[in-house]
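Visitor: Provided herewith is a single structure, encoded as structure tokens, for subsequent inquiry.
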Amino acid sequence: MREGFNTQDDSGLGAQPLGDGQLFMSPDVDAAREFFRGKSRRMEPKLTTVSEAVARFVHDGDYIGVGGFGANRIPTALLHEVVRQGRKRLGLSGHTATHDCQILMAGHCVDRCDVAYVVGLEARGLSRHSRRAFEEGRVAVTEWSNAALAWRYKAAAMGVPFLPARVMLGTDTGGRSAAMEIRCPFTGIRLAALPALYPDVALVHVHRADPYGNCQIEGIMISDHDLARAGRRVIVSAERIISNAEIRREPTRTVIPYYCVDAVVEVPYGSYPGNMPYEYYSDEEHLQEWLRAEEDPETLAAFVRRYILDTPDFPAYLELCGGIRRLQRLRWLEHFPGRGGLDRRGNC
Amino acid sequence: MGTAEKRDYNAMELMICLAARYLEDGSTVVVGTGAPCAAAMLAQRTHAPNLMIMFEAGGMGPLLPSMPISVGDSRTFYKGIAAGSMPEIMEACQRGMVDYTFLGGAQIDMYGNINSTCIGDHRRPTVRFPGSGGANDLASLSWKTMMITPQDRRRFTPRLDFVTTPGYLTGPGAREAAGLPPGTGPYKVITQLAVIGFDPETLRMRVESLHPGVTREDVERNTGFELLWAEELVESRPPDPEELVLLREEVDPLRYIIGRA
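Same order as they appear, the protein sequences are chains A and B.
1 is the number of the first residue of the first sequence in the numbering used here; add one for each residue after it.
1001 is the number of the first residue of the second sequence in the numbering used here; add one for each residue after it.
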């Protein structure tokens, strides 16, 4: 059922499959340790460009974990670049993957997905194109829940092959997952065993990073604390690059240490059209434009060409979407969140 | 809604007010966007000023300035007590610290099980929906699961195409047998027609109150399975004028939610 992974129950924990889903990534912690053993601990500059970072660290066939939640604090610039460079056969961790999933699906990049939440953009509506891909069986699917994927990252970050949890039990979500069911060796209760998830690449957008990859994030962490530690390779895009002295001034704020990180790129507004806490709110009009473009494959292809493939880089995309004026409006919406932001006279 | 007399509130306003009244002061609730968030905000402004509102992405105790668009957007921790993480919230649920959660879905059965994954065969579904998101977690781990949902025969169906999220599964003892924490499960389902609870013996849906102007036949016509009925079936208490003022002027002044009715 799970080729390549040991599912023999010699654990004494009464282990049996909770679901018949495919386990896309091995929870082999010793293989992961060997990989991490070879990862540089040198505090050396890793500053590079978006295109170089993606060219070097994201390969066809890789399994990707994306930071943020929905359209919030997602690494849009990195995702666009994955599409622009035409990566194929990617695996995706669908941990509340909304606009991030939408971008990768529009680029036809994904062929397998651990699903907790995909194809929807929460209250904004459903991505028709993503739905078609899932409905036509073009993406292999294993079901999970948000907490399950969050805890799978956590298990990997901890360096243990699984974490027990009390979710997905008794449901088809569990039945189409690749979790195991075990008995607690202390209390005897039934638990879902969630296998560690080590993505090949984690893409994370943060507020500030130094050139070595020490990162500060404002607002909710979502699952990025664990994702950045679980990822074998980690690309960080940051709103701003700050100096190492600045990091050392307030070490309390460092949430991702440099040794987790392989590449650092500076991308102002790098989460647009998503919401970057304390920086800018989401661009709901542009997200609706995305949804409308998905009405048929031709309009979507033209849309992807216009906004991603035919733009040289992310700043060019921002210009197409209204540039500084639009972004200033989104900053106002973020900072004055009452009835629709600040008006021209400064009322809010 | 019935057609008899003209009312000064719409179905969405009624559902939000009814849901809000169940949220006790000093309790914790994980909400999504939309009607549940409005219900929690209204409860804070009426009988439950110390209701702790949480969002699954990590937001805790915000002084919500307006409706969040996403359960992870910056409104969910605006002037909050903490900007946490998803593990933080889910682990609070698993520890037994979360009293209420609100869910919805494409299909719901008599035991309060929910489908938000797909219609048809899972491998080649006719319709693919987003999946569990945090719903399976919240319904597995929170003490009481509430639903605010439209009621019709397609949605209230005898058999789900996919059990995304556990209600009482197949009936008494089933949650415990599956390993879900004891004492948890669906609590109230609030629709445009009625408030539906769960019979303590059979754990099946049992209608507790009908909204003004709604008949038993209206409810039956919009349900694809056999409902149980409370012995003392009452009329749902309509929104008070104060509730309506707060809902319209403070909770949802732009009518994002209440305008959908």
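Note that the Cβ used here is the ideal one computed from N, Cα and C, for glycine as well.
Note that this is a predicted model, so its numbers are computed, not measured.
1) For lysine 1144 of chain B, list the residues DSSP reports as bridge partners.
2) Quick one: grab the DSSP three-state call for histidine 335 of chain A.
3) Relative to the C-alpha of arginine 1075 of chain B, which candidate in B/Ala1178, B/Met1090, B/Ile1053 and B/Glu1091 has its C-alpha closest?
4) I need the DSSP call for proline 195 of chain A, collapsed to helix, strand or coil.
5) Is there contact here, the stretch 119 to 133 of chain A with the stretch 170 to 189 of chain A, by at least three beta-carbon pairs under 8 Å?
6) For the alpha helix (DSSP H) holding phenylalanine 349 of chain A, just list the boundary residues, first then last.
7) Identify which residue in B/Thr1028, B/Phe1077, B/Asp1025 and B/Ile1196 has its Cα closest to the Cα of tyrosine 1187 of chain B.
8) Can you say whether serine 1070 of chain B is buried or exposed, counting buried as having 16 or more other CB atoms within 10 angstroms of its CB?
9) What does isoleucine 1053 of chain B touch in chain A if you count any residue whose Cβ is under 8 Å from its own?
10) Ignore the nearest five residues each way along the sequence and tell me which others in glycine 1084 of chain B's own chain have a CB closer than 6 Å to its CB.
11) Taking the C-alpha atoms as reference points, what is the distance between serine 249 of chain A and alanine 209 of chain A?
12) To the nearest angstrom, how far is the alpha carbon of arginine 1124 of chain B from that of glycine 137 of chain A?
13) Look up alanine 230 of chain A in the DSSP assignment and say whether it is helix, strand or coil.
14) Mind the definition here: the stretch 94 to 114 of chain A touches the stretch 68 to 82 of chain A only if three or more C-beta pairs lie below 8 Å; say whether that holds.
15) Taking 8 Å as the CB-CB cut-off, is alanine 150 of chain A touching chain B?
16) Pair every Cβ in the stretch 270 to 289 of chain A with every Cβ in the stretch 245 to 260 of chain A, then say whether three or more of these pairs are closer than 8 Å.
17) From leucine 1051 of chain B to serine 1236 of chain B, what does the alpha carbon distance come to, in whole angstroms?
18) Determine the DSSP secondary structure at tyrosine 1009 of chain B, reduced to helix, strand or coil.
19) Locate the alpha helix (DSSP H) running through phenylalanine 134 of chain A, then write down its first and last residues.
20) Taking beta-carbon pairs under 9 Å, can you tell me which members of the stretch 65 to 83 of chain A lie near chain B?
21) Could you tell me the alpha carbon to alpha carbon distance between glycine 1224 of chain B and cysteine 1037 of chain B, rounded to whole angstroms?
22) In or out: leucine 1203 of chain B buried (at least 16 other Cβ within 10 Å) or exposed?
23) DSSP three-state call for histidine 205 of chain A: helix, strand or coil?
24) How would you write the range of the beta strand (DSSP E) that valine 54 of chain A sits in, first residue to last?
25) So alanine 165 of chain A contacts chain B; which residues on that side make the cut at Cβ distance below 8 Å?
26) Pull up the DSSP beta-bridge partners for methionine 25 of chain A, would you.
27) Counting only C-beta atoms, is glutamate 135 of chain A closer than 8 Å to chain B at any point?
28) Where valine 201 of chain A and phenylalanine 314 of chain A are concerned, what is the direct C-alpha to C-alpha distance, given to the nearest angstrom?
29) What number of angstroms, rounded off, separates the C-alpha of methionine 1090 of chain B from the C-alpha of valine 1031 of chain B?
30) Sort B/Leu1227, B/Tyr1078 and B/Gly1183 by Cα distance to valine 1189 of chain B and report the nearest one.
31) Among A/Thr171, A/Val304, A/Thr187 and A/Ala157, which one has its Cα closest to the Cα of proline 1087 of chain B?
32) By DSSP, does proline 45 of chain A sit in helix, in strand, or in coil?
33) Using a Cβ cut-off of 7 Å, pull out every chain A residue sitting near glutamate 1056 of chain B, in sequence order please.
34) Name, going along the chain, the residues of the stretch 112 to 127 of chain A whose beta-carbon falls closer than 9 Å to a beta-carbon of chain B.
35) Nearest to histidine 205 of chain A by alpha carbon, out of A/Ala263, A/Ala193 and A/Ala238?
36) So does the stretch 27 to 47 of chain A actually touch the stretch 59 to 77 of chain A, counting three or more Cβ pairs closer than 8 Å?
Guide: A quick look at the data gives this:
1) According to DSSP, which records beta bridges pairwise, lysine 1144 of chain B is partnered with B/Tyr1100 and B/Gly1185.
2) Here histidine 335 of chain A sits in helix by DSSP.
3) Relative to the Cα of arginine 1075 of chain B, the nearest Cα in the group B/Ala1178, B/Met1090, B/Ile1053 and B/Glu1091 belongs to B/Ile1053.
4) Here proline 195 of chain A sits in strand by DSSP.
5) In this structure the stretch 119 to 133 of chain A does not lie against the stretch 170 to 189 of chain A, because fewer than three pairs of beta carbons, one per stretch, are closer than 8 Å.
6) Given a span of 1 to 348 for chain A in the structure shown, any question on residue 349 of chain A remains unanswerable.
7) Among B/Thr1028, B/Phe1077, B/Asp1025 and B/Ile1196, the Cα nearest to that of tyrosine 1187 of chain B belongs to B/Ile1196.
8) Serine 1070 of chain B is buried by the Cβ-count criterion.
9) By Cβ distance, chain A contributes nothing, its closest Cβ being about 14 Å from isoleucine 1053 of chain B, past 8 Å.
10) Apart from the 5 residues on each side of it in sequence, glycine 1084 of chain B sits with its Cβ closer than 6 Å to the Cβ of Gly1058 and Met1060 in its chain, given in chain order.
11) The amino acid at residue 249 of chain A is misidentified as serine; the sequence shows arginine. Using only the alpha carbons, I get a separation of about 13 Å.
12) Taking the straight line from one Cα to the other gives about 6 Å.
13) The answer is helix: DSSP assigns alanine 230 of chain A an H, G or I state.
14) The stretch 94 to 114 of chain A, when compared against the stretch 68 to 82 of chain A, does touch it at the 8 Å Cβ threshold.
15) So yes, alanine 150 of chain A belongs to the interface.
16) Below 8 Å, too few C-beta pairs join the stretch 270 to 289 of chain A and the stretch 245 to 260 of chain A to call them touching: fewer than three.
17) Cα-Cα distance, rounded: 23 Å.
18) If DSSP states are grouped into helix, strand and coil, tyrosine 1009 of chain B belongs with coil.
19) Counting along the chain, the unbroken alpha helix (DSSP H) around phenylalanine 134 of chain A starts and ends at 128 to 135.
20) Cβ contacts with chain B come from Gly68, Phe69, Gly70, Ala71, Asn72 and Arg73.
21) Distance from the CA atom of glycine 1224 of chain B to the CA atom of cysteine 1037 of chain B, rounded to whole angstroms, is 28 Å.
22) With 16 or more other Cβ atoms within 10 Å, it is buried.
23) Correct three-state label for histidine 205 of chain A: strand.
24) The continuous stretches of beta strand (DSSP E) do not include valine 54 of chain A, which lies in the alpha helix (DSSP H) extending over residues 50 to 57.
25) Per Cβ cutoff of 8 Å: Gln1094.
26) Methionine 25 of chain A is not bridged to any residue.
27) Yes, because at least one Cβ of chain B sits closer than 8 Å to the Cβ of glutamate 135 of chain A.
28) Going from the Cα of valine 201 of chain A to the Cα of phenylalanine 314 of chain A covers about 20 Å.
29) Taking the straight line joining both Cα atoms gives about 12 Å.
30) For the set B/Leu1227, B/Tyr1078 and B/Gly1183, the Cα lying nearest the Cα of valine 1189 of chain B is the one of B/Leu1227.
31) Checking every option, the nearest Cα to that of proline 1087 of chain B belongs to A/Ala157.
32) If DSSP states are grouped into helix, strand and coil, proline 45 of chain A belongs with coil.
33) For glutamate 1056 of chain B, the neighbours in chain A by C-beta distance under 7 Å run, in chain order, Asn146.
34) Val115, Ala116, Tyr117, Val118, Val119, Gly120, Leu121, Glu122, Ala123, Arg124 and Leu126: these are the residues of the stretch 112 to 127 of chain A whose beta carbon lies less than 9 Å from some beta carbon of chain B, given in chain order.
35) Measuring from the Cα of histidine 205 of chain A, the nearest candidate turns out to be A/Ala238.
36) Between the stretch 27 to 47 of chain A and the stretch 59 to 77 of chain A there are fewer than three C-beta pairs closer than 8 Å, too few to call the two in contact.
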